[in-house]
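**Q** Residue numbers (our numbering): 15 to 427. The C-beta atom is built at its ideal place from N, Cα and C for all residues, glycine as well. A quick note: this is a predicted structure, and the numbers were derived from the prediction, not measured.
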Ligand code: CTP
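(1) Any chance the CB of residue 329 is under 7 angstroms from a heavy atom of ligand 1?
(2) Do residue 348 and ligand 2 come close, with the Cβ less than 7 angstroms from some heavy atom?
(3) Below 7 angstroms, is the gap between the Cβ of residue 333 and the nearest heavy atom of ligand 1?
(4) Taking the beta carbon of residue 264 as the centre, do at least 16 other beta carbons fall within 10 Å, making it buried, or is it exposed?
(5) Thinking just about the alpha-carbon of each residue, which of 240, 72, 35 and 121 is nearest to the one in residue 410?
(6) Going by alpha carbons, who is nearest to residue 140 out of 108, 391, 341 and 407?
(7) Have a look at residue 429 and residue 243 and give me their C-alpha separation to the nearest angstrom.
(8) With hydrogens ignored, establish whether the beta-carbon of residue 263 is closer than 7 angstroms to any heavy atom of ligand 1.
(9) Return yes when at least one heavy atom of ligand 1 lies under 7 angstroms from the C-beta of residue 298, else no.
(10) Which runs of the beta strand (DSSP E) spanning at least 3 residues fall entirely within the stretch 330-373, listed in chain order?
(11) Specify whether the stretch 253-264 and the stretch 304-311 touch according to this definition: at least 3 beta carbon pairs, one from each stretch, less than 8 angstroms apart.
(12) Could you give the residue range of the alpha helix (DSSP H) that holds residue 165?
(13) So, at 7 angstroms on beta carbons, what are the nonlocal neighbours of residue 49 in its own chain, with the 5 sequence-adjacent residues on each side left out?
(14) Whole angstroms are fine: how far does the CA of residue 367 sit from the CA of residue 337?
(15) Enumerate in chain order the residues of its own chain whose CB-to-CB distance from residue 268 is below 7 angstroms, with the five nearest sequence positions on each side excluded.
(16) Identify the continuous alpha helix (DSSP H) that holds residue 70 and give its terminal residues.
(17) In the DSSP assignment, find the alpha helix (DSSP H) that holds residue 8 and state where it starts and stops.
(18) Is residue 240 near ligand 1, with its Cβ less than 7 angstroms from a heavy atom?
(19) What residue ranges within the stretch 195-253 form continuous alpha helix (DSSP H) runs of no fewer than 4 residues, ordered along the chain?
(20) Ends of the alpha helix (DSSP H) at residue 101?
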């Protein structure tokens, strides 16, 4: 699936006001950190950067002080701070991200060395630390390095594994700094509290489905997948083990979400059935096509000059099928209704045995397809309704997950 940067509205909901200290050590990947800092600052995070001496050979501290509006810590001495500067810096952030983390810096941290501004500050810090290694593939594979990295992992540091690919040295292998968006996702995930969905397996269907007529044409709909992807990201942040079963979209799934890409309603039904047995929650946010062409031509259909009639066969209903062996699992559905919303959605809620249903009317301004906001009403089996304001899909995702977390607690009490 293609990686695209998330839009700023979604990001700012998650990082606004958070204090993020970024420790930059000396590797060519330093230049990527400027982009990361810019993205975080643009979205309202408060960012401070500290640099090792070799990092300053790759990027000037001026780059980071300009981007953050804050002084860059390069040395422990010569500051106006009353007391020790590294203690003030260690106390300030909500999280520390070491990126890129060189083999040398990882070795120092793993052995408690404190010989520069970065290592001294981290040694004095008690907040979560994310380590994002970047180095040559042989250095990465070196047993000394691997032992050091393992030691940090065992001590509770989070390691954001590097990627495989072409390295700055020209070699190809493991060692390239993780994608900047993945690092930001990891920061967001680490900062998010509460972890009230920890240990819960949540399946989320998202996006449209494609029902092919021939190799190049299909029936589909306007779903962008944004609501399902927002639910997946927030559920993962709250500790859930998330399986996102997605039709084709332009979105990138949140880092720790397991995404199963499907195209048709039949594929989506199969994928859900395969994952369902040990799941705690199923959320149907996909706009599943109710019908598919009765036959799929293996060749491109030619124009005949005459009227063409398309015969359609009914697709399975993913939520309806899952309802058969529901047991204690929670099921949540979405309903797109343009008239008599409560009555129509109520029928779906009952027939699909849902625990609640999220009703949206795409005719409301700011609601529905291809937009970042949604205005919905939640409907419960006892007929109670909970109308919600127009809001960002990420904020709405958290409210839906709050209701799910409440119900899970009651179920397991
Ligand atoms: N749904 C599903 N499988 C389908 C169709 C819908 O799982 N084949 C799920 C959707 O993901 C959503 C809910 O059922 O959570 C309601 O979808 P919607 O299309 O609004 O309802 P339908 O039951 O298909 O009814 P209709 O299109 O006739 O309004």
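**A** Let me spell this out:
(1) What you label residue 329 is simply residue 315 of the chain shown in a count that begins at 1. Remark: the shortest separation between the CB of residue 329 and any heavy atom of ligand 1 falls under 7 angstroms.
(2) Among the ligands present in this structure, namely ligand 1, ligand 2 is not found.
(3) For the purposes of this step, residue 333 is taken as residue 319 along the chain shown, with counting starting at 1. Because some heavy atom of ligand 1 lies under 7 angstroms away, the Cβ of residue 333 counts as near it: yes.
(4) Residue 264 sits at position 250 when you count from the first residue of the chain shown. Under this definition residue 264 is an exposed residue.
(5) In the chain shown, the residue the question calls residue 410 occupies position 396. Taking only the C-alpha atoms, the option nearest residue 410 is 240.
(6) In the chain shown, counting from the first residue as 1, residue 140 sits at position 126. Of 108, 391, 341 and 407, the residue nearest in Cα terms is 108.
(7) The chain is shown from 15 up to 427; residue 429 falls before or after that span and cannot be answered.
(8) Your numbering for residue 263 matches position 249 in the chain shown. The answer is no for residue 263.
(9) Residue 298 sits at position 284 when you count from the first residue of the chain shown. Yes, ligand 1 has a heavy atom inside 7 angstroms of this Cβ.
(10) Within the stretch 330-373, the complete beta strand (DSSP E) runs of at least 3 residues are 344-350.
(11) Output reads no: the stretch 304-311 does not touch the stretch 253-264.
(12) Mapped onto the chain shown, residue 165 falls at position 151. Its alpha helix (DSSP H) spans residues 157-168.
(13) Taking the chain shown and counting its residues from 1, one reaches residue 49 at position 35. Counting only residues of its own chain and dropping the five nearest sequence neighbours on each side, residue 49 has a CB closer than 7 angstroms to the CB of 194.
(14) Here residue 337 refers to the residue found at position 323 of the chain shown. Here residue 367 refers to the residue found at position 353 of the chain shown. So the two alpha carbons sit approximately 6 angstroms from each other.
(15) In the chain shown, residue 268 corresponds to position 254, counting from 1. Listed in chain order, the non-local C-beta contacts of residue 268 below 7 angstroms within the same chain comprise 199, 246, 247 and 250, local neighbours out to five positions each way being set aside.
(16) For the purposes of this step, residue 70 is identified with residue 56 of the chain shown, where counting begins at 1. Residues 69-72.
(17) Outside the shown range of the chain (15 to 427) lies residue 8, about which nothing can therefore be said.
(18) Reading the chain shown from its first residue, position 226 is the one you call residue 240. Residue 240 has its Cβ no nearer than 7 angstroms to any heavy atom of ligand 1.
(19) Within the stretch 195-253, the complete alpha helix (DSSP H) runs of at least 4 residues are 240-251.
(20) Here residue 101 corresponds to residue number 87 of the chain shown, with the count starting at 1. Taken as a continuous stretch (DSSP letters only), the alpha helix (DSSP H) holding residue 101 covers 99-105.
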